[in-house]
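Working notes, beginning with the structure itself.
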Amino acid sequence: MKRGVLGPVGLAATAGVAMLGAVNVGSAEGVNPIAATPAIPTIRISAPLDGASYQRGSRVLARFRCSENGPPARIATCTGTVATGRAVNTTSDGTKSFTVTATDTSGNTVTKTVHYSVWEYVNPLRAVGNLQASRIDMGVDYSGAGPILALGRAKVTLATDKLAGPESCWGKTCVPPPGDMIVYRLLDGPYAGKYVYVCEHITISVKAGQTVRAGEVIATLHQGSPNLELGWATGNGAYTLAAARHHQGRGTDPGGWSSIEGRNFNALLVWLGAPSGYVTTAPSQQMPKGWPTLPARVKPGG
Numbered sequence: 000m001k002r003g004v005l006g007p008v009g010l011a012a013t014a015g016v017a018m019l020g021a022v023n024v025g026s027a028e029g030v031n032p033i034a035a036t037p038a039i040p041t042i043r044i045s046a047p048l049d050g051a052s053y054q055r056g057s058r059v060l061a062r063f064r065c066s067e068n069g070p071p072a073r074i075a076t077c078t079g080t081v082a083t084g085r086a087v088n089t090t091s092d093g094t095k096s097f098t099v100t101a102t103d104t105s106g107n108t109v110t111k112t113v114h115y116s117v118w119e120y121v122n123p124l125r126a127v128g129n130l131q132a133s134r135i136d137m138g139v140d141y142s143g144a145g146p147i148l149a150l151g152r153a154k155v156t157l158a159t160d161k162l163a164g165p166e167s168c169w170g171k172t173c174v175p176p177p178g179d180m181i182v183y184r185l186l187d188g189p190y191a192g193k194y195v196y197v198c199e200h201i202t203i204s205v206k207a208g209q210t211v212r213a214g215e216v217i218a219t220l221h222q223g224s225p226n227l228e229l230g231w232a233t234g235n236g237a238y239t240l241a242a243a244r245h246h247q248g249r250g251t252d253p254g255g256w257s258s259i260e261g262r263n264f265n266a267l268l269v270w271l272g273a274p275s276g277y278v279t280t281a282p283s284q285q286m287p288k289g290w291p292t293l294p295a296r297v298k299p300g301g
């Protein structure tokens with residue numbers, strides 16, 4: 000062919016002009032051919048999702064697929080930490096990894112790993128003896144004696160016995176005598192980033208800056224007055240969430256009614272297996288926009 004003409008396979012050309020073959024584009028007289036990109040396995044992991052958070056004990060089934068740029072016929076092996084359709088590890092809290100390895104018939108191997116976390120919340124009052132629920136106010140009040148546990152994995156932001164003060168500053172800059180208070184920030188689960196306070200008639204077992212696990216003893220409750228109180232905090236010193244949002248009771252008793260924050264925390268405690276506090280007066284209030292809701296029911300770890 001003296002001029003470019005169409006041959007039976009592709010386009011032939013004279014020196015220096017590209018030639019399109021069935022597989023690649025070649026050329027004459029020293030111009031390097033353009034090699035076809037080799038096919039390699041690809042992996043798609045649908046579950047567990049990368050960065051997902053699952054409650055301890057929940058049933059999460061592995062879902063993944065290996066393919067060779069689409070058609071799976073050339074995949075020789077496709078192996079995950081567990082087989083697709085089998086339950087992944089949610090038996091303990093913490094960060095977990097899930098890995099899938101694919102190998103094709105040409106010997107190409109690809110590995111993909113995702114990470115997910117498993118969280119656990121426990122009933123913080125499960126070890127308290129003679130536990131009796133009292134009123135819901137800015138938080139929830141209880142009497143009894145025994146260990147108080149961390150609700151979940153958390154970082155302690157406040158731990159002091161020097162916050163005693165009058166009713167006018169309760170829930171803001173002080174608490175009832177003897178002045179004991181713990182505040183911690185939850186690190187896992189649907190309430191990650193939210194603060195919990197524990198105060199009144201306790202001996203503190205932790206220090207600010209300490210990280211505690213779900214179910215770890217953080218204080219000891221003593222029988223007598225004042226009653227223990229637990230609820231949502233702000234992370235700003237001793238401020239409860241109810242007081243910061245001006246939802247404390249009117250008049251001399253800042254706990255004179257059942258704030259929405261106290262009722263919301265009570266619902267979480269009941270979900271975890273604690274006895275419910277009782278409502279006094281329930282004002283028309285709302286939790287902050289976007290506040291987490293209780294997850295689907297899985298037997299709690301407490």
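In numbering that gives the first Met the number 0, the protein residues as written are 0 to 301. Every residue gets a Cβ at the ideal spot worked out from N, C-alpha and C, and that includes glycine. All of these numbers come straight from a predicted model, not from anything done at the bench.
For residue i versus residue j, is the C-beta spacing smaller than 8 Å?
{"i": "valine 216", "j": "serine 224", "result": "no"}
{"i": "glutamate 67", "j": "glycine 138", "result": "no"}
{"i": "threonine 112", "j": "threonine 98", "result": "yes"}
{"i": "alanine 213", "j": "alanine 149", "result": "yes"}
{"i": "threonine 89", "j": "glycine 56", "result": "yes"}
{"i": "glutamine 114", "j": "serine 96", "result": "It is worth fixing the name first, because residue 114 is histidine in this sequence and not glutamine. Result yes, Cβ atoms of histidine 114 and serine 96 sit closer than 8 Å."}
{"i": "proline 40", "j": "valine 127", "result": "no"}
{"i": "tyrosine 120", "j": "leucine 268", "result": "no"}
{"i": "tryptophan 169", "j": "proline 176", "result": "no"}
What does a CB cutoff of less than 6 Å around residue i pick up in its chain, not counting 5 residues either side in sequence?
{"i": "alanine 191", "result": "Leu185"}
{"i": "alanine 281", "result": "Ser257"}
{"i": "alanine 241", "result": "Met137, Gln247, Ser258, Glu260"}
{"i": "tryptophan 231", "result": "Leu240, Glu260, Phe264"}
{"i": "tryptophan 290", "result": "none"}
On a CA-only basis, which of the options is nearest residue i? Give me that one, please.
{"i": "lysine 206", "options": "Val182, Gly214, Asn226, Leu220", "result": "Val182"}
{"i": "aspartate 179", "options": "Asp49, Ala163, Tyr141", "result": "Ala163"}
{"i": "valine 278", "options": "Gly261, Thr80, Pro291", "result": "Gly261"}
{"i": "histidine 221", "options": "Leu271, Thr110, Gly143", "result": "Gly143"}
{"i": "histidine 245", "options": "Ala86, Ser283, Ile42", "result": "Ser283"}
{"i": "alanine 302", "options": "Asp140, Ala46, Trp118", "result": "Only positions 0 to 301 of the chain appear in the structure, and residue 302 is not among them; the question remains open."}
{"i": "arginine 43", "options": "Thr100, Asp92, Ser96", "result": "Thr100"}
{"i": "lysine 171", "options": "Val269, Thr292, Gln247, Leu48", "result": "Gln247"}
{"i": "glycine 145", "options": "Asn235, Ile201, Asp252", "result": "Ile201"}
{"i": "glycine 234", "options": "Cys65, Pro291, Val197, Ser45", "result": "Val197"}
{"i": "isoleucine 302", "options": "Asn129, Cys168, Leu124", "result": "Because the chain in this structure spans residues 0 to 301, residue 302 falls outside the shown range and cannot be described."}
{"i": "arginine 73", "options": "Ala243, Ser167, Gly106", "result": "Gly106"}
Could you pull the start and end residues of the alpha helix (DSSP H) that residue i belongs to?
{"i": "isoleucine 39", "result": "Neither: isoleucine 39 is in no alpha helix (DSSP H) and is coded neither H nor E."}
{"i": "asparagine 265", "result": "259 to 270"}
{"i": "leucine 229", "result": "Run containing leucine 229: none in the alpha helix (DSSP H); it sits in the beta strand (DSSP E), 227 to 232."}
{"i": "leucine 240", "result": "240 to 243"}
Could you check if residue i is buried or exposed, using at least 16 other CB atoms within 10 Å of its CB as the buried criterion?
{"i": "lysine 288", "result": "exposed"}
{"i": "lysine 193", "result": "buried"}
{"i": "alanine 27", "result": "Interpretation of alanine 27 is limited by its pLDDT of 46, a score under 50 that renders its predicted location unreliable; no figure is taken from the coordinates."}
{"i": "serine 275", "result": "exposed"}
{"i": "aspartate 49", "result": "exposed"}
{"i": "alanine 51", "result": "exposed"}
{"i": "asparagine 122", "result": "buried"}
{"i": "proline 47", "result": "buried"}
{"i": "aspartate 103", "result": "buried"}
{"i": "glutamate 199", "result": "buried"}
{"i": "aspartate 252", "result": "exposed"}
{"i": "proline 165", "result": "exposed"}
For residue i, which residues from the same chain have a beta carbon less than 7 Å from its beta carbon, with the 5 sequence-adjacent residues on both sides left out?
{"i": "proline 294", "result": "Gln54, Pro189"}
{"i": "arginine 58", "result": "Ala86"}
{"i": "threonine 83", "result": "Ala61, Arg62, Phe63"}
{"i": "alanine 158", "result": "Ile181, Ile203, Val205, Lys206, Ala207"}
{"i": "glutamine 131", "result": "Tyr141, Ser142, Gly143"}
{"i": "threonine 94", "result": "His114, Ser116"}
{"i": "cysteine 173", "result": "Leu162, Ala163, Gly164, Ala237"}
{"i": "threonine 292", "result": "none"}
Suppose the cutoff is 8 Å on Cβ atoms and the five residues either side in sequence are ignored; what does the same chain contact list for residue i look like?
{"i": "threonine 210", "result": "Arg152, Ala153, Lys154, Val155, Leu186"}
{"i": "methionine 286", "result": "Ile259, Glu260, Asn263"}
{"i": "serine 91", "result": "Arg55, Val117"}
{"i": "lysine 161", "result": "Gly178"}
{"i": "alanine 218", "result": "Pro146, Ile147, Asp179, Ile181, Val197, Ile201, Thr202, Ile203, Ser204, Val205"}
Tell me which residue opens and which closes the beta strand (DSSP E) that residue i is part of.
{"i": "leucine 150", "result": "That residue, leucine 150, is in no beta strand (DSSP E); it is neither H nor E in DSSP."}
{"i": "alanine 218", "result": "216 to 220"}
{"i": "leucine 130", "result": "128 to 135"}
{"i": "lysine 95", "result": "93 to 103"}
{"i": "leucine 185", "result": "180 to 185"}
{"i": "lysine 111", "result": "108 to 118"}
{"i": "alanine 75", "result": "74 to 79"}
{"i": "serine 66", "result": "62 to 67"}
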